[in-house]
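Below is one structure, written out as structure tokens; the observations come after it.
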Amino acid sequence: MRAVTADAPRLTSATITLFAVAVGLIVANLYYAQPLLPQIASAFHVSVGAAARLVTWTQLGYAAGLALIVPLGDSVNRRRLTLGLSALSVLGLLGVAAAPQFWLFALGSVLLGLTSVAAQVLVPFAASLADPQSRGKVVGTVMSGLLLGILLARTVSGLLAAWLGWRWVFVVAAAALTLLTAALWRRLPGGAPQSRLAYGKLLASVVRIVREEPILRRRSLYGLLGFAAFSVFWTSLAFLLSGPPYFYNEAAAGLFGLVGAVGALAASWAGRQADAGHGRRSTGMMALLITASFGLIWWGGNSLWALVLGVAVMDLGVQGLHITNQSEIYRLRPEARSRLTTVYLTSYFAGGVLGSALSSVAYVQLGWAGVCGLGALFGALVLLGWGLERARP
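Each residue of the sequence shown is one higher than the one before, counting from 1 in the UniProt record's numbering.
Next comes the structure, spelled out in structure tokens:
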């Protein structure tokens with residue numbers, strides 16, 4: 001494979017901020033529906049379980065985009081790819097807002113997931129523009145925006161739905177994304193491709209990279225398990241809060257995103273730890289936080305303060321683990337960062353699909369205790385993998 005070299009534009013603080021805002025606003029598309037699931041179920045006259053599967057369908061679309069679209073970031077102009085996907089996301093949001101039937105809403109959710117991978121074109125783009133000695137910090141800063149987007153999407157969604165109705169959430173999101181696309185068109189630097197591989201060979205090379213990079217395989221597994229734990233909790237939270245003992249509306253449920261936003265505080269710290277060579281240590285710390293948090297979250301079934309504290313601890317662990325994983329894999333192959341992203345995040349969001357699917361089953365069959373036990377299991381598996389890694393000679 002022949003790398004295509006070009007002088008990279010200087011990554012200024014303003015550009016880093018633009019990257020962070022962009023990935024946050026784009027990835028938020030995946031999460032606006034989560035605090036609205038009871039209202040969506042009522043509007044379309046479907047069961048709670050059917051509404052919960054919207055989360056799974058959206059993440060399936062996202063996983064498909066990660067596998068089939070994100071690798072193109074190594075062989076095409078990343079600026080053009082990002083702008084095209086962002087424009088398509090606007091259309092997806094408008095389609096979801098206007099959907100007259102549940103199956104059309106579900107189809108629009110898949111399309112929205114597919115095009116929202118623009119966020120994951122931008123993350124390796126930022127990494128490729130950063131100096132090697134500050135790459136972890138830059139990735140952590142950009143990912144702080146992404147993590148805030150994930151969590152604040154729920155808050156904004158809940159508040160807007162309580163004020164204007166749930167369909168207007170997606171209309172407002174489409175308007176915001178239109179403005180962002182215009183800003184990206186004006187300010188995003190050009191991105192020279194790193195490879196001239198044809199599309200088929202580019203996808204085939206992903207398999208070879210997985211086979212040749214054990215660190216990538218291990219970090220992808222950690223990401224899968226961590227995001228599965230995250231999705232187990234957030235998929236079922238709206239159902240807990242809408243029933244006894246809370247009886248909260250969608251606005252109150254959305255405000256829990258503000259609690260989870262504390263996880264973004266871990267992003268910059270984890271990036272700096274990776275830059276300093278302490279990624280292994282931070283991995284163990286974050287795995288322990290994830291596992292322990294579900295004890296508090298279980299207690300939170302009847303105690304608001306325990307639920308709030310548990311959410312904060314869980315998000316801190318999940319996001320810190322995620323940043324550590326990405327910082328470690330971006331060290332491996334500079335010419336293949338989009339493909340590394342594809343492997344890691346396909347695994348990561350496969351964990352989201354798994355966690356969302358199992359969460360709805362656990363809640364229906366075993367209640368809140370089942371949800372918490374499932375989340376703790378995923379966290380414990382990360383801790384086990386880390387322990388086995390340390391035990392190897």
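Backbone N, C-alpha and C fix where the C-beta goes; we use that ideal spot for every residue, glycine too.
Euclidean distance between Cα positions of residue i and residue j
{"i": "Asp275", "j": "Ala41", "result": "46 Å"}
{"i": "Thr5", "j": "Thr346", "result": "Its pLDDT being 41, under 50, Thr5 is placed unreliably by the model, and the measurement read from it follows with that caveat. About 27 Å."}
{"i": "Val90", "j": "Leu66", "result": "19 Å"}
{"i": "Trp168", "j": "Ser157", "result": "9 Å"}
{"i": "Ala3", "j": "Glu335", "result": "Caution is warranted here: a pLDDT of 42 is assigned to Ala3, below 50, making its placement in the model unreliable, and no coordinate value can be reported."}
{"i": "Gly13", "j": "Leu30", "result": "Here residue 13 turns out to be Ser, not Gly, going by the sequence shown. The straight-line gap from Cα to Cα measures roughly 27 Å."}
{"i": "Val76", "j": "Val364", "result": "45 Å"}
{"i": "Leu180", "j": "Gly385", "result": "40 Å"}
{"i": "His278", "j": "Val48", "result": "43 Å"}
{"i": "Leu225", "j": "Ser359", "result": "14 Å"}
{"i": "Thr283", "j": "Gly320", "result": "8 Å"}
{"i": "Gly387", "j": "Val96", "result": "44 Å"}
{"i": "Phe44", "j": "Ala183", "result": "36 Å"}
{"i": "Ala176", "j": "Leu203", "result": "33 Å"}
{"i": "Asp131", "j": "Leu340", "result": "18 Å"}
{"i": "Glu389", "j": "Ala228", "result": "21 Å"}
{"i": "Arg218", "j": "Leu25", "result": "29 Å"}
{"i": "Val259", "j": "Tyr348", "result": "22 Å"}
{"i": "Pro393", "j": "Ser220", "result": "Annotation note: pLDDT 41 at Pro393 (below 50); position unreliable, coordinate value reported separately. If you take the alpha carbons of Pro393 and Ser220, they lie about 22 Å apart."}
{"i": "Ala28", "j": "Gly352", "result": "15 Å"}
{"i": "Trp185", "j": "Leu54", "result": "31 Å"}
{"i": "Tyr62", "j": "Leu114", "result": "5 Å"}
{"i": "Arg154", "j": "Gly271", "result": "25 Å"}
{"i": "Val23", "j": "Tyr246", "result": "33 Å"}
{"i": "Leu93", "j": "Gly149", "result": "16 Å"}
{"i": "Arg331", "j": "Leu160", "result": "41 Å"}
{"i": "Leu197", "j": "Pro71", "result": "11 Å"}
{"i": "Ala87", "j": "Ser116", "result": "10 Å"}
{"i": "Ala50", "j": "Ser128", "result": "41 Å"}
Start-to-end residues for the alpha helix (DSSP H) that takes in residue i
{"i": "Phe239", "result": "214 to 242"}
{"i": "Ile26", "result": "13 to 27"}
{"i": "Asn325", "result": "304 to 329"}
{"i": "Tyr62", "result": "48 to 68"}
{"i": "Leu83", "result": "78 to 98"}
{"i": "Ala126", "result": "118 to 129"}
{"i": "Phe44", "result": "37 to 44"}
{"i": "Arg280", "result": "279 to 299"}
{"i": "Ala33", "result": "First-last for Ala33: undefined, no H or E at that position."}
{"i": "Phe247", "result": "Here Phe247 belongs to no alpha helix (DSSP H), and DSSP marks it neither H nor E."}
{"i": "Val262", "result": "Taken as a continuous stretch (DSSP letters only), Val262 belongs to no alpha helix (DSSP H), as it is neither H nor E."}
{"i": "Gly108", "result": "102 to 115"}
Chain B within 8 Å of residue i, Cβ atoms only
{"i": "Arg186", "result": "Going by chain labels, chain B is absent from the structure shown, which holds only one protein chain."}
Proximity test, residue i beta-carbon vs the ligand ADP heavy atom, cut-off 7 Å
{"i": "Pro214", "result": "Summarising the ligand content, the structure contains no ligands, and the ligand ADP is consequently not present."}
If contact is defined by three or more beta carbon pairs under 8 Å, each pair taking one atom from either stretch, is the stretch 297 to 305 in contact with the stretch 198 to 210? no
Determine contact between the stretch 102 to 109 and the stretch 312 to 327, defined as no fewer than three beta-carbon pairs at a distance below 8 Å. no
Taking 8 Å as the threshold, find out whether the stretch 371 to 378 comes into contact with the stretch 231 to 239 through three or more Cβ pairs. yes
The stretch 221 to 232 in contact with the stretch 373 to 389 per 3-pair CB rule at 8 Å: yes
Between the stretch 135 to 146 and the stretch 71 to 88, are three or more C-beta pairs nearer than 8 Å? no
Output the residue ranges of the alpha helix (DSSP H) runs that lie fully inside the stretch 161 to 189 and measure 4 residues or longer, sorted by chain position. 166 to 187
With a cut-off of 8 Å, do at least 3 Cβ pairs link the stretch 289 to 298 to the stretch 112 to 122? no
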